[in-house]
Structure formats: C-alpha cells, structure tokens
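When we follow the working numbering, the leftmost residue of the sequence shown carries the number 2, and every step to the right adds one.
A virtual CB, placed ideally from N, CA and C, is assigned to each residue, including glycine.
Predicted, not measured: the structure shown is a model, and the values here were computed from it.
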Amino acid sequence: MAVRPEKQAIVAELKESFSQAKAIVLTGYKGLTVAQDTKLRAKMRENGVTYRVVKNTMLRFAMQDLGYDELVSYLEGTTAVAYSTEDAIAPAKVIETFIKENNLAKLETLTVKAGVVDGKVIDAAGVKELAALPSREVLIAKMLSSMQAPVSGMVNVLQGTIRNAVYVLEAIRKQKESA
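See the structure below:
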C-alpha cells in the first residue's frame, strides 16, 4: 500500500523540524480539557516551544528516519509532541510546570512519555531532571557572576591598599598639626 503524498509531506515536515530541534518531548494528553489544552498551548508559545498533536504513525516514520528508534515504543495512545529549536530545557520545563500548577500528576491527564535532547533519547525521568535545571538566563547569570568574582575581589584588595594609604596620610597630617 502506497503512502499518500500529504502524509509524506507531514512526515518530511516533522523530520525537518525535529532535526533542527534542541529538545523534543513526547506527551500523553488523555483527558485534558479544551481549556487546559488552550492554556498549555499559550504557555508553549510564550516560551518559544512548538506543540503539536500528531498521529503516532507519522511520528513513528519521522522518528525512525531520524534514528530515534528507541522512541517508537512510546508511541501508543494519545501523543503530542513539544519541541524547541532555541532552548533545550524549555519544552520539559513548560510541561512539568504545567503539570504541577494544574495538579495533573495524580490524574495522569498530561503525562511525559519520553524525549530527545541534543540527539540523545531520554525517558520520562530524564525529562523531569531536565525540567529541574535552571533556565538558560539563570545559568548565564551564574557563570558571569563566577567570572566577575575574582575581578571584584581584586578591586576590593586594591581599594583596601589605597584606603590604608589614605589613613596613613591622614594620621601624618594630624600628627604634624598637633606638633
């Protein structure tokens, strides 16, 4: 049986998007209300994450063509995919935050199945660990502050030397005035 051209186009588009993505997260969304789904999609857009519901067969073809054969076993039931070409942490962080904020963990309405980060397949626990990492901006700020610490320390040392010299000169001035 031949695959229809429109399905081939969808698979080609998915492959193109996934090959450029820094992170991909597969989710199950069984029982998610329309309002919750709308809220989730808005959060995804705010964070530069693309979120799509795609048929498992289309995802299977795309994943196998990209060499992510390990993900095929996760393609059962309802499946949505979140991916980002800019931030490797964003898809996982948005999904995990949304699950916590809306108490969806117990209900299992939105679940993390697996993911891919920089070409490596990770399971649901790996996605949770990824979501726990600080954002890119926080990591950059921490790195800059650690790079700045030695410089500011040196400035403080030099200021202390200058301050001590000023104290000595002040003491000499007072001594000469009193003599």
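Where residue i falls, given that 16 or more other Cβ within 10 Å makes a residue buried
{"i": "tyrosine 255", "result": "Summary: the structure shown does not reach residue 255, with the chain confined to residues 2 through 180, and so no result is reported for it."}
{"i": "glutamate 7", "result": "exposed"}
{"i": "valine 167", "result": "exposed"}
{"i": "threonine 80", "result": "buried"}
{"i": "proline 92", "result": "buried"}
{"i": "leucine 33", "result": "buried"}
{"i": "methionine 148", "result": "exposed"}
{"i": "valine 35", "result": "exposed"}
{"i": "glycine 116", "result": "buried"}
{"i": "threonine 98", "result": "exposed"}
{"i": "isoleucine 90", "result": "buried"}
{"i": "methionine 45", "result": "buried"}
{"i": "valine 169", "result": "exposed"}
{"i": "serine 146", "result": "exposed"}
Reduced DSSP secondary structure (H/G/I, E/B, other) of residue i
{"i": "alanine 30", "result": "It is tyrosine, not alanine, that sits at residue 30 in the sequence shown. Coil, per DSSP."}
{"i": "glycine 116", "result": "strand"}
{"i": "aspartate 88", "result": "coil"}
{"i": "valine 35", "result": "helix"}
{"i": "arginine 5", "result": "coil"}
{"i": "threonine 79", "result": "coil"}
{"i": "asparagine 104", "result": "coil"}
{"i": "glycine 68", "result": "coil"}
{"i": "threonine 98", "result": "helix"}
{"i": "asparagine 57", "result": "helix"}
{"i": "leucine 111", "result": "coil"}
{"i": "glutamate 14", "result": "helix"}
Boundaries of the beta strand (DSSP E) in which residue i is found, first to last residue
{"i": "tyrosine 52", "result": "51-54"}
Start-to-end residues for the alpha helix (DSSP H) that takes in residue i
{"i": "aspartate 124", "result": "Note, aspartate 124: premise wrong, no alpha helix (DSSP H); beta strand (DSSP E) at 121-124."}
{"i": "glycine 154", "result": "137-179"}
{"i": "leucine 134", "result": "From DSSP, leucine 134 is part of no alpha helix (DSSP H); its letter is neither H nor E."}
Sheet register partners of residue i (DSSP bridge)
{"i": "isoleucine 25", "result": "Tyr84, Val117"}
Flag this pair as touching only if the region 48-62 and the region 110-124 have three or more C-beta atom pairs under 8 Å; answer yes or no.
Short answer: they don't touch.
Assess contact between the region 91-108 and the region 60-77, defined as three or more Cβ pairs (one per stretch) separated by less than 8 Å. Is contact present?
no
Tell me, please, whether the region 142-149 touches the region 116-129 by the rule of three or more beta-carbon pairs shorter than 8 Å.
no
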